[in-house]
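For any residue, its number in this note's numbering is found by taking its place in the sequence shown, counting from 1, and adding 438.
For each residue, glycine too, the CB sits at the ideal point set by N, CA and C.
Quick notes on the structure that follows.
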Amino acid sequence: MPIPHTARATVEPERAILVLCHSEVVEEDAYWADEMRALSQSAGVQVVAEIRQRRHSPDVATCIGKGKAQELFVLAREKDANLIIFDTELTPIQQRNLEEITQSRVIDRTQLILDIFARRARSREGALQVELAQLLYLMPRLSGKGAALSRLGGGIGTRGPGETKLEMDRRRIRERIAHLRHELAEIRRQREHQRAARRRLPFPSGAIVGYTNAGKSTLLNVLSGSQTYVDNRVFATLDPTTRRVVLPDGWSVLLTDTVGFVENLPPMLLDAFRATLEEVLAADFLLHVIDISSPYWEAQRDAVETTLVELGADDKPTILVFNKADRVKDTYWLRQLVTEHPNSVYISAKLAQGIPHLMDRIVQTLQGMLVSVEVWLPYESSALVAECYEFGRVLSVDYQEQGIHLRAQVIPSVAAKLQPYSK
Numbered sequence: 439m440p441i442p443h444t445a446r447a448t449v450e451p452e453r454a455i456l457v458l459c460h461s462e463v464v465e466e467d468a469y470w471a472d473e474m475r476a477l478s479q480s481a482g483v484q485v486v487a488e489i490r491q492r493r494h495s496p497d498v499a500t501c502i503g504k505g506k507a508q509e510l511f512v513l514a515r516e517k518d519a520n521l522i523i524f525d526t527e528l529t530p531i532q533q534r535n536l537e538e539i540t541q542s543r544v545i546d547r548t549q550l551i552l553d554i555f556a557r558r559a560r561s562r563e564g565a566l567q568v569e570l571a572q573l574l575y576l577m578p579r580l581s582g583k584g585a586a587l588s589r590l591g592g593g594i595g596t597r598g599p600g601e602t603k604l605e606m607d608r609r610r611i612r613e614r615i616a617h618l619r620h621e622l623a624e625i626r627r628q629r630e631h632q633r634a635a636r637r638r639l640p641f642p643s644g645a646i647v648g649y650t651n652a653g654k655s656t657l658l659n660v661l662s663g664s665q666t667y668v669d670n671r672v673f674a675t676l677d678p679t680t681r682r683v684v685l686p687d688g689w690s691v692l693l694t695d696t697v698g699f700v701e702n703l704p705p706m707l708l709d710a711f712r713a714t715l716e717e718v719l720a721a722d723f724l725l726h727v728i729d730i731s732s733p734y735w736e737a738q739r740d741a742v743e744t745t746l747v748e749l750g751a752d753d754k755p756t757i758l759v760f761n762k763a764d765r766v767k768d769t770y771w772l773r774q775l776v777t778e779h780p781n782s783v784y785i786s787a788k789l790a791q792g793i794p795h796l797m798d799r800i801v802q803t804l805q806g807m808l809v810s811v812e813v814w815l816p817y818e819s820s821a822l823v824a825e826c827y828e829f830g831r832v833l834s835v836d837y838q839e840q841g842i843h844l845r846a847q848v849i850p851s852v853a854a855k856l857q858p859y860s861k
């Protein structure tokens, strides 16, 4: 069974060896190593040793070669390590062979991320999505007809909503996957109803996206004056949270915090979390939050943009929000950065610095999204005129006997309401 949150604090952290399968690019090596350390820490793992290996291509049987695998066996005994974590994705055969050689549990980066997601799931929706992702990952790792998942044991990589299913065979897992997909399809329908209800409100909607731990939830708290869950660890937010934000000109927007992205996000997570990620697709604009204090901010930005392309959300108006600027000493460089990226600002969400500039940028973005309309309104629909004044620019309004002739530039949601009355 999953370890209760109240009990985890007293449990000794698992001692792990990181295996870093390096590329030919030194800068990428450092980036991946730092990210794997952060992921391990977020999963509650104590990294006691690291092994690096540079290969042109992975060994089919063990990824790192039998000799290196035997070195791992010796090192694990020396360091009293009970877990080995690879920074790349292992095939089922590689994972099985490595466990036999090292006599230790072996997990890969995907399994580590799934474990973190299992720890973070707070809602029923989050738990269902995590369980589906876990089962999609574990299904091909069953060896033999009716083989059990229990060989994996407990601990990192097996905890969470999926752990109670560890004794299921292939058939039952397939049935469970089908059931979870059905449940999540219903949740997607519910979310669509919620989004439809929000669309009936005369407010544009935005989604806050960004690499994990970029400061998205902190920013939402600052903008909305509310308190959503904030944690200085990766993947602290799994469940989307929507808040109303009032802008300086009196307009309001609905902003939704979303799950953090990560380099090479496992495909089963994109699949399982589609109901959550559709909040991004439904948004009118995006706030892409970037941790500008990270030496790898460009790679993290590119990873988010790649995921947005995969989701089909890369064509939305986007504001680049360079966050954690308080950690950057070179303000000239920050100003130059904003100059090079026209629709961007630099801020510190933690210190609430630069927020007015961000608010102004949101207003400018919304103004750029205004839709020109010309309509004849019946007098019983005259309330729409007030919405045009509140959420756009009224160019002319003429009250005539047969109705109201209106020309305006309005936000997309109001334009949709006016469309039936188009001239």
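Within this structure, are the beta carbons of residue i and residue j separated by less than 8 angstroms?
i	j	result
D757	T803	According to the sequence shown, residue 757 is Ile rather than Asp. The answer is yes: Cβ separation under 8 angstroms.
A454	V483	yes
E569	L618	yes
K762	S786	yes
Q567	D546	no
R614	L574	no
I800	Y817	no
G688	K654	no
P421	P578	What is shown of the chain runs 439 to 861, which leaves residue 421 out entirely.
G830	L815	no
S643	V684	no
G648	I728	yes
L703	T745	yes
Which of the three DSSP states is assigned to residue i in this structure?
i	result
T777	helix
A623	helix
G806	helix
Y770	helix
D836	strand
S820	coil
K861	coil
V700	coil
V783	strand
T679	strand
D607	coil
Roughly how far, in whole angstroms, is the beta-carbon of residue i from the beta-carbon of residue j, given that I think they are within contact range, below 8 angstroms?
i	j	result
L749	L724	The pair is not a contact, with the Cβ atoms about 11 angstroms apart (cut-off 8 angstroms).
V700	I551	7 angstroms
S810	Q857	Not confirmed; about 12 angstroms, so no contact.
Would you list the residues sitting across from residue i in a DSSP beta bridge?
i	result
W814	H843
S690	V684
I522	I455 and V544
H795	In the DSSP output, where bridge partners are listed per residue, H795 has none listed.
E488	L456
V848	V809 and G830
N761	D729
A645	T694 and L724
Y575	In the DSSP output, where bridge partners are listed per residue, Y575 has none listed.
T756	L724
V483	E452
D497	C501
Can you confirm whether residue i, when its beta carbon is compared against all beta carbons of chain D, has any partner nearer than 8 angstroms?
i	result
K506	Of the chains in the structure shown, none is chain D; there is only one protein chain.
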